[in-house]
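Residue numbers (the working numbering): 435 to 668.
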């Protein structure tokens, strides 16, 4: 993960401001001044900003939020739209969202202040499966299911194999359970659109072994110790 994004995800500042801090010598990696905005933070790196270690300043905490439709997944929005931070005001520690969910997508979103765990979940090399329930238009044929499962061009990129199961259908629509290990922008929506069955509603129901379950929309819960250990070692 680029160091400016790493700093921004820790809730320190925006990526643009992080670039300024890096260029000005205010950021250190493993005790050495880092002036390369393009540096990729490696697992085990210790990053400090203005002398403060990003992860050591607060107790590390881990929450699962059931994000409703209409909230933007960011720490701060320049257009003053509602963000996921408006839903976690009761958390005493400063947390940030791991990865993104579109404004019109609901479901599982991890909120933490642990940059290492965020890196493990969000890094492209990771194999953490994200599972979605997608209500799509029309009937999804066996041929289309095969394409979704084995990789499909979503516009200059062919997706990796995915797990796709029909969990409900009628003559007008189908509910698919889709599990992917990558996280291209709006990937599930693009996959379904590519086979001619555009998404009507989309919910992420799990991140690896961390499952939404019966968590009410707009609320959050602490992760269990087993879930935390899973994310630290996935």
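All residues carry an ideal CB built from backbone N, CA and C; glycine is no exception.
Computed from a predicted structure; not experimentally measured.
Check	Outcome
6 Å CB neighbourhood of residue 525 in its chain, flanking five on each side removed	none
Rounded separation between residue 567 and residue 585 - CA only	18 Å
Three or more C-beta pairs below 8 Å linking the region 645-652 and the region 495-510	yes
Segment contact flag, the region 437-445 with the region 460-478, C-beta cutoff 8 Å, min 3 pairs	yes
Residue of 648, 638, 656 minimising C-alpha distance to residue 540	638
Spatially closest choice to residue 608 from 615, 614, 616, 599, by CA coordinates	599
Straight-line gap, residue 443 to residue 627 (C-alpha atoms, nearest Å)	30 Å
Proximal residues to residue 490 (C-beta, below 8 Å), its chain only, five neighbours per side dropped	Bear in mind that a pLDDT of 47 at residue 490, under 50, signals an unreliable position, so the model cannot answer this.
Three-state class that DSSP yields for residue 590 in the structure shown	coil
Residue 484, buried or exposed, once every other Cβ within 10 Å from all chains shown has been counted against 16	exposed
Buried/exposed call for residue 631, threshold 16 Cβ in 10 Å	buried
Whole-angstrom distance between residue 543 and residue 555, CA atom to CA atom	11 Å
Residue 655 (DSSP reduced to helix, strand or coil)	strand
Beta strand (DSSP E) segments (min. 3 residues) lying fully within the region 572-616	597-603, 607-614
Buried versus exposed call for residue 602 [16 or more other C-beta atoms within 10 Å across all chains shown]	exposed
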